[in-house]
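Student: Following our numbering, the numbering of the sequence shown begins with 1 at its first residue and continues without gaps. Ideal Cβ placement from N, Cα and C applies to all residues, glycine included.
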Amino acid sequence: MRRLVCDSMLGRLARWLRLLGYDASVPKRIPAQAAPEEALLTRRKAWQGRPGVVFIAHDRLEDQLRQVLKELELTPEPRRFFSRCLDCNVLVHPLSREDAAGRVPDYILDTAEGFNQCPSCGKVFWPGSHGKRAGTYLTNVLGQAQGGASGA
Ligand SMILES: [Zn+2]
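1) Just verifying my parser: in three-state terms, what is the DSSP assignment at residue 117?
2) In the DSSP output, which residue or residues are listed as bridge partners for residue 84?
3) Is residue 66 helix, strand or coil when you go by DSSP?
4) Please name the residue or residues paired with residue 124 in a DSSP beta bridge.
5) Check for me: the beta strand (DSSP E) holding residue 18 runs from which residue to which?
6) For residue 154, verify whether its CB is less than 8 Å away from any heavy atom of ligand 1.
7) Any contact of the region 114-128 with the region 90-99, i.e. 3+ C-beta pairs under 8 Å?
8) Is DSSP giving residue 3 helix, strand or coil here?
9) Helix, strand or coil: which one does DSSP assign to residue 34?
10) So what does DSSP say about residue 8, is it helix, strand or coil?
11) Determine contact between the region 66-75 and the region 43-53, defined as no fewer than three beta-carbon pairs at a distance below 8 Å.
12) Between residue 102 and residue 124, what straight-line distance do the alpha-carbon atoms span, to the nearest angstrom?
13) Please list the terminal residues of the continuous beta strand (DSSP E) segment that includes residue 153.
14) So residue 100 is in the alpha helix (DSSP H); what residue range does that whole segment cover?
15) What is the C-beta distance between residue 91 and residue 15, in whole angstroms, given that I count them as a contact (C-beta under 8 Å)?
16) Does DSSP put residue 104 in a helix, in a strand, or in coil?
This is the structure in structure tokens:
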């Protein structure tokens with residue numbers, strides 16, 4: 001899977017790409033040239049047309065997401081959703097219910113299906129911790145992305 005390197009103007013887009021499970025980093029300085037396994041996502045118009053560069057023309061997040069998925073021919077896989085820390089961009093690890101005790105609210109401990117922890121920042125996640133709206137939002141965005149990409 002290609003690594004997505006986002007310029008600093010695309011921090012919000014990077015978080016949503018992580019939510020889908022993609023490796024989306026936001027380095028302080030975006031490299032001038034893409035490595036073979038990288039795609040550079042930028043809002044710099046001057047970079048448009050360079051190899052490995054996706055020039056993000058849209059202002060709205062959902063349009064940006066759709067553009068990236070379409071141009072890089074990415075098909076999000078639901079099993080990868082929520083597999084990365086949104087802050088650190090690293091893969092989270094499963095956490096046992098015992099170890100989650102004391103780190104999440106009691107009602108979550110009793111009801112959540114499972115827990116993950118970020119090895120970098122230590123945050124604990126569980127299905128639904130990103131909010132129900134995130135799931136609904138993604139379904140809408142991705143549904144339209146796939147519809148728009150058919151036949152391409
Ligand atoms: Zn983290």
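Tutor: In brief:
1) Reduced to three states, the DSSP call for residue 117 is strand.
2) Beta-bridge analysis with DSSP links residue 84 to 91.
3) In the structure shown, residue 66 sits in a helix (DSSP, three-state: H, G or I).
4) DSSP output for residue 124 lists 117 as bridge partner(s).
5) Looking at the DSSP string, residue 18 is not in any beta strand (DSSP E); the run it does join, the alpha helix (DSSP H), is 11-19.
6) Only positions 1 to 152 of the chain appear in the structure, and residue 154 is not among them; the question remains open.
7) With three or more CB-CB distances shorter than 8 Å, the region 114-128 counts as touching the region 90-99.
8) Residue 3 carries a strand assignment under DSSP once its states are collapsed to helix, strand and coil.
9) DSSP places residue 34 outside both helix and strand once states are collapsed to three, so it counts as coil.
10) In this structure, residue 8 counts as helix in the three-state DSSP scheme.
11) With a cut-off of 8 Å, the region 43-53 and the region 66-75 do not count as touching, because too few Cβ pairs lie within range.
12) Separation of residue 102 and residue 124 (C-alpha to C-alpha, rounded to the nearest whole angstrom) is 11 Å.
13) With the chain running from 1 to 152 in the structure shown, residue 153 is simply not present.
14) Element bounds for residue 100: 97-100.
15) In this structure residue 91 is not in contact with residue 15, their Cβ atoms being roughly 15 Å apart against a cut-off of 8 Å.
16) The answer is strand: DSSP assigns residue 104 an E or B state.
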